[in-house]
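Following our numbering, the numbering of the sequence shown begins with 562 at its first residue and continues without gaps.
For each residue, glycine too, the CB sits at the ideal point set by N, CA and C.
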Amino acid sequence: MKKNEVLWGYLKRYTIVHVLVYLIVGLISMSLMNYKEGFMSDDYFAHFRPLDSPIVRAALLFQVVRGLMIALIIYPFRDKIVGSKHGWLMLFFVLFGLTCIGAINAPPGSIEGFIYTNVSLKAHLIGMPEIIVQSIGISTLFYWWEKKNYSHN
Numbered sequence: 562m563k564k565n566e567v568l569w570g571y572l573k574r575y576t577i578v579h580v581l582v583y584l585i586v587g588l589i590s591m592s593l594m595n596y597k598e599g600f601m602s603d604d605y606f607a608h609f610r611p612l613d614s615p616i617v618r619a620a621l622l623f624q625v626v627r628g629l630m631i632a633l634i635i636y637p638f639r640d641k642i643v644g645s646k647h648g649w650l651m652l653f654f655v656l657f658g659l660t661c662i663g664a665i666n667a668p669p670g671s672i673e674g675f676i677y678t679n680v681s682l683k684a685h686l687i688g689m690p691e692i693i694v695q696s697i698g699i700s701t702l703f704y705w706w707e708k709k710n711y712s713h714n
């Protein structure tokens, strides 16, 4: 298989998994964790757009771009991740570690957020279950799909 075909297939698979997991886990979390009430009651979320705003409703489209960007960033490590018995776990730690815990801005749940913001512990932890489940879902599904395809390259 040509290198470009491998890259395009990889990008498509990662982006599809990323968007679907984001959508499914997001919708489930939204109803189980009652985000609407949390966003309305906690001062930290006062600067967030309302959940029914047009740009928030278009979030899935932005996730396509985000999925492609993350896929490109981790592509150099594809062989290491897919070639490892525990590659899904490696991918989980990369995704969760760099996009949540180790984020260089100060979102809720990040180390920077704990240091530089003056928000409640609840605000820091409210989205953590969703982020963990998303990271596990993306890691396991993508690893399985990519591993299946990897043997054909």
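Under the three-pair Cβ rule at 8 angstroms, the stretch 633-645 does not count as touching the stretch 665-682. Ranked by Cα distance from residue 699, the options 671, 602, 586 are led by 586.
The residue from 602, 654, 575, 595 with its alpha-carbon nearest to that of residue 694 is 654.
The alpha helix (DSSP H) runs lying completely inside the stretch 602-690 and spanning 4 residues or more are 615-618, 620-635, 639-643, 648-657, 672-677, 682-686, given in chain order.
Counting every other CB atom within 10 Å of its CB across the protein chains shown gives residue 619 a total below 16, marking it as exposed. Taking the Cα positions, residue 580 is about 21 angstroms away from residue 610.
DSSP places residue 565 inside the alpha helix (DSSP H), whose first and last residues are 564-593.
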